[in-house]
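Residue numbers (our numbering): 132 to 845. Here the structure comes first, spelled out in structure tokens, and everything after it is commentary.
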Amino acid sequence: MRYLISIVSLILANLLYSQNKPIVTGNDGSSWTLYTRSSVYQIRASEGAPVQMVFFGDKSQDIILLRGRLGDEITVRGGYSGATPMLEVLFPDKVRDIELIYDRAEIKEIDGYQTLVIYQKDKYYSLSVIGYIRVLPEYDILEKWMEITNIGKKEIIKVENAQSATFFLPSDDYELTHLSGRWGYEFQPNVTRLTQGLKTIQVKDFKSYGSSFFAIRPAGEYAETEGRVWFGTLHYSGNWRLDLEKHIWGELQVTGGINFWDQDISLRPGQHFISPKMSIGYTRDGMEGVSLNLAAYAREKILPASHRDKPRPVLYNSWYATGMNVNEEHQLALAEVAKEIGVEMFVIDDGWFKGRVNDKGGLGDWTVDKNKFPNGLQPMIEKINAMGLDFGIWIEPEMVNPNSDLYKVHPDWVLHYPNRARLEGRNQLVLNLAREDVYKYLYESFYKLLSENNIKFIKWDMNRAISNPGFPSAKEEDQRAVRIKYVENLYRLIESLREEFPDVWFENCSSGGGRVDLGIMSRTDFNWASDNTDPVDRIFIQHSYLNAFPANTMISWITHEDWHGHNHSLEYKLNVAMAGVLGIGYDISKWNEKEKAIAKEKITQYKEIRNTVQFGNHYRLVSPYENNRSILQFVSKDLSESIVFVYNLAEYPGGYTSETKKTKTVYLRGLSPDRSYAIEGMEGIYKGDYLLNYGINFSVSGAFRSRIFKITAQ
Ligand code: DGJ
């Protein structure tokens with residue numbers, strides 16, 4: 132009978148979907164079907180038992196077959212310990228097992244999207260657990276997070292683990308793609324088979340150089356443009372982890388959230404903890420479907436609303452030109468050339484503040500260095516503004532040099548333990564941002580800086596890994612929550628500054644792309660993707676970055692640095708940087724007329740195409756990881772314009788190129804099949820259908836040559 136009711140309610144759910152309801156409650160009142168464009172996610176509850184997850188996968192799946200259960204919607208430590216737990220607590224009487232039972236559910240609208248809210252509680256102890264699933268159908272994404280509350284009156288519940296989300300996939304052979312890396316080589320793709328056991332990807336020191344992005348496919352189904360892929364990523368910039376557990380019967384469980392290694396939270400009566408979000412999704416359009424969904428989602432829903440739709444300016448950044456050796460005269464000389472070649476935002480990097488002669492001093496003292504800028508910054512900014520440029524500045528709020536006024540007065544403001552060395556990285560210590568006084572000091576310092584100077588752009592850097600995570604003066608039960616509180620205050624600090632200075636752009640940097648995730652991206656406008664400015668390395672880094680994030684968040688400057696001694700041409704470097712947010716980092720005061728002319732021409736071209744690059748959909752047509760060239764295509768939202776970037780890589784000795792590496796016909800993506808398009812620099816008019824299905828050969832010959840093709844609807 133019960134089974135019959137389930138079937139009837141599922142049929143009804145399916146019918147209701149045709150009326151475009153993202154969340155449908157079964158007529159038993161205790162099952163829910165969540166629909167996105169391509170996926171269905173199903174949950175069932177029953178009295179006196181934990182809520183169960185039934186299915187997550189393709190919408191075309193006949194949902195009548197979706198019976199049984201894959202696992203609990205919120206897995207806990209307790210009972211049989213088969214699954215990876217999302218939640219582990221220690222109750223006041225030292226009981227460590229949780230027994231969750233379903234309480235009720237409701238559908239709420241949160242920021243314009245239907246959200247299923249499922250209330251569960253412990254059978255005996257005063258613990259309430261709420262699971263949220265917000266459905267964003269047009270991006271094929273579900274946002275999941277969890278809220279736990281100590282609903283008791285007297286005692287503390289210690290939370291030893293509280294993940295953001297978990298989900299199960301049916302028994303199959305799966306393959307995982309994730310992005311990892313190191314300084315200078317961020318976001319490198321890794322593919323691995325998931326065999327029985329646990330694969331954990333984690334950050335333990337706030338530095339990832341990769342990302343919490345994951346994509347899971349049935350093994351052997353890999354294709355860029357088709358095939359089933361489950362994907363996701365976390366919205367968290369501290370220590371995070373992803374656990375992919377292949378259970379003994381072949382099901383795969385994916386769990387993600389804060390990495391509770393060496394962390395815990397004490398929940399006092401009435402207190403709650405809300406996990407960061409984890410976005411999960413499903414597409415049947417291969418890795419292209421993953422990147423299209425994630426990029427559009429970040430562009431349209433994650434990036435700060437104030438700047439989301441603004442074209443990103445062309446930047447100049449003085450770091451590679453000057454190091455810390457900055458002064459007004461040279462900055463003005465750089466700004467003059469920057470203006471001449473078409474730059475819009477002039478950014479002074481590290482070195483402008485008190486005592487910053489090298490990386491051994493200054494961090495923490497956020498006032499201008501009077502030796503370098505005797506008149507302060509504002510007179511220089513005024514001159515730069517008078518040239519028609521906006522002005523931006525570098526800061527590294529979370530750090531302090533022991534050689535600074537701040538540290539001399541407040542040696543206890545850094546993360547540290549008694550009787551343990553204070554480990555320095557790049558001669559700096561990490562401020563304990565979990566402290567309210569540190570938060571206030573930083574807020575006031577930057578409030579002052581931004582109020583007294585006409586600054587329109589902040590480059591927020593963070594250059595070292597976290598060590599010695601001690602907070603000796605905190606209450607004993609709060610000491611291990613220091614890193615969680617730190618991240619809360621980091622977010623709060625950026626948010627408060629943005630609120631006070633709503634027209635300022637914020638760039639996220641962490642020795643290059645050491646801290647890129649949707650958490651920080653919802654508070655900043657773009658990321659410095661890597662300190663590596665070699666164009667060939669960048670082709671790989673950018674190709675991979677675009678798996679998970681949109682091009683309008685990817686700052687890319689050209690510099691004189693020659694990582695591998697190839698002496699690449701200015702055009703090649705500029706063409707690479709133009710696939711993101713273009714920036715210049717050379718000492719342009721030394722440029723000759725020819726160099727200036729090349730840059731000027733390219734910047735003009737960039738301004739013509741940037742709307743499509745920054746706001747269009749991107750397609751990774753040819754991967755440099757598999758071919759001897761890389762091709763990226765961007766298509767404007769109205770399908771009237773497309774930009775194709777073709778980058779050749781090295782040539783093989785003697786002109787030999789193996790068959791697999793030969794230039795192939797390229798099938799364009801995303802165009803309207805019915806419209807006709809002209810390709811700049813090529814003869815004729817092409818039907819969209821032809822370009823999509825018959826393809827075209829972009830003939831660019833020679834090692835490290837590149838070209839940009841503009842395709843316009845007629
Ligand atoms: C590391 C950043 O990645 C660089 O771009 C530069 O800002 C330096 N820090 C400055 O110290």
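Idealized CB from N, CA, C, for every residue including glycine. A quick note: this is a predicted structure, and the numbers were derived from the prediction, not measured.
When distances are taken from the beta-carbon of E527 to the heavy atoms of ligand 1, the shortest one is below 8 Å.
Note that the C-beta distance between P181 and V207 is below 9 Å. With contacts defined as CB atoms closer than 9 Å, A426 and P681 qualify as a contacting pair. If one requires a minimum length of 4 residues, the alpha helix (DSSP H) runs lying completely within the segment 370 to 428 are 417 to 428, in chain order. Assignment of D234 by DSSP, reduced to helix, strand and coil, places it in the strand class. When the alpha-carbon of G388 is set against those of R669, K470, M530 and E274, the nearest one is in E274. One residue list follows from the rule of a beta carbon closer than 6 Å to any heavy atom of ligand 1, given in chain order as W450, D480, D481, W525, D592, N594, C640, S642, G643, W659 and D662. Listed in chain order, the non-local C-beta contacts of T356 below 6 Å within the same chain comprise G417 and E419, local neighbours out to five positions each way being set aside. Residue ranges of uninterrupted alpha helix (DSSP H) with 4 or more members, entirely inside the segment 539 to 592 and ordered along the chain, are 567 to 583. Per DSSP, the beta bridge partners of N639 are W591 and N658.
CA-CA distance, S170 to V266, rounds to 11 Å. Restricting attention to W636, K704, M685 and H691, the CA atom closest to the CA of V667 is found in K704.
Between the segment 450 to 459 and the segment 398 to 407, the count of Cβ pairs shorter than 8 Å is below three; the stretches do not touch.
Under the three-state reduction of DSSP output, H749 falls in the strand class.
For I472, the enclosing alpha helix (DSSP H) starts and ends at E459 to I472. Taking the C-beta atoms as reference points, Y353 is found no nearer than 9 Å to F318. L520 sits close to A466, with the two beta carbons spaced by under 9 Å. Under the 8 Å Cβ criterion, the segment 319 to 326 does not count as touching the segment 361 to 371, having fewer than three qualifying pairs. The DSSP-derived three-state label of R348 is strand. DSSP, read as helix, strand or coil, puts G358 in strand.
Boundaries for S437: no beta strand (DSSP E) harbours it, while the alpha helix (DSSP H) harbouring it runs A436 to R439, taken from the DSSP string. For Y825, the number of other beta carbons within 10 angstroms of its own is below 16, and it is reported as exposed. In this structure, W694 sits near N663, with a CB-CB distance shorter than 9 Å. Annotation: G815 to A781 spans about 31 Å, alpha carbon to alpha carbon. Looking at the DSSP output, R806 shares a beta bridge with no other residue. Nearest to E772 by C-alpha distance, out of G747, R760 and S761, is G747. For the options A596, I241 and E702, the alpha carbon positioned closest to that of S837 is the one of E702. S604 and H541 have their C-alpha atoms spaced approximately 13 Å apart.
Distances from the alpha-carbon of E219 to those of L247, I288, I515 and E376 put I288 closest. Out of R439, I625, P600 and N563, the CA that lies nearest to the CA of W392 is found in P600. Cβ atoms of H691 and Y451 come within 8 Å of each other, at about 7 Å. For R760, the enclosing beta strand (DSSP E) has its first and last residue at R760 to V766. Counting the other Cβ atoms within 10 Å of the Cβ of S830 gives fewer than 16, which makes it exposed. In summary, G714 is buried, with 16 or more beta-carbon neighbours lying within 10 Å of its beta-carbon over all protein chains present. Here the alpha carbons of N516 and P435 stand approximately 25 Å from one another. N281 sits in a strand when the DSSP states are folded into three classes.
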